[in-house]
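At position 139 of the sequence shown (counting the first as 1) the number is 139 in full-length UniProt numbering, and the numbers step up by one without a gap.
Virtual Cβ for every residue (Gly too), placed ideally from N, Cα, C.
The next block holds one structure in the form of structure tokens; read it before the comments.
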Amino acid sequence: MTDEAKLRTAAEAGDVRAMIDLADLLLPQYEEAPERLAEAESWFRRAAGTGDAEAMTAFGQFLYYDDEHDEAAEWYRKAADLGHAEAMAGLGDYYDFMGDEEESERWYRRGAELGDESAKSNLAALESMRRRSAESASSAGDRPESGHRPGA
1 MTDEAKLRTA AEAGDVRAMI DLADLLLPQY EEAPERLAEA ESWFRRAAGT GDAEAMTAFG
61 QFLYYDDEHD EAAEWYRKAA DLGHAEAMAG LGDYYDFMGD EEESERWYRR GAELGDESAK
121 SNLAALESMR RRSAESASSA GDRPESGHRP GA
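Okay, here's the thing in structure tokens:
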């Protein structure tokens, strides 16, 4: 029995981890067999529908990379509400993509506090960008206006 067949048997029996693993196995095959993408989505959706936070996050990631950002955010939020740190980082990415820096920071911070490395990294990058922006604005305010000479 192949790995795919074993995963399929377990997934069909309701094993959520097997559903996620089967979907992950099917994803790279979609270029050779486009129907594999729809099948992977179906397994991700079925796994997420069980209420498992990891499955909801995995489905959110699938949707996010398929440019279904709003639906991805809905699944991330469900998983984040269950305390899933990786989903919180996903929400941070979503709000960053949407241009909502405050909400993005809030979710990155929550994920970082729970130990998610991606959230920590993205929060640090956001804070660094803010510092550079503030320093740039501060130094621009210290320069004389064009054409103006001090003491003239």
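Item                                                                                                         : Value
Distance, F62 Cα to L27 Cα                                                                                   : 9 Å
Sequence-distant residues of the same chain with beta carbon closer than 8 Å to H148, five excluded per side : At H148 the pLDDT is 44, less than 50, meaning the model places this residue with poor confidence and gives no usable figure here.
Whole-angstrom distance between A85 and A119, CA atom to CA atom                                             : 8 Å
Residues near H69 in its chain [Cβ-Cβ closer than 7 Å; skip 5 each side]                                     : Y94 and F97
L114, enclosing alpha helix (DSSP H) - first and last residue                                                : That residue, L114, is in no alpha helix (DSSP H); it is neither H nor E in DSSP.
A33, DSSP secondary structure in three states                                                                : coil
Run of the alpha helix (DSSP H) containing G92, from where it starts to where it stops                       : A85 to F97
Per-residue burial, A112 [other beta carbons within 10 Å of its own, 16 or more giving buried]               : buried
Assigned secondary structure, L82 (DSSP; H/G/I helix, E/B strand, else coil)                                 : coil
As assigned by DSSP and simplified to three states, the class of M1                                          : coil
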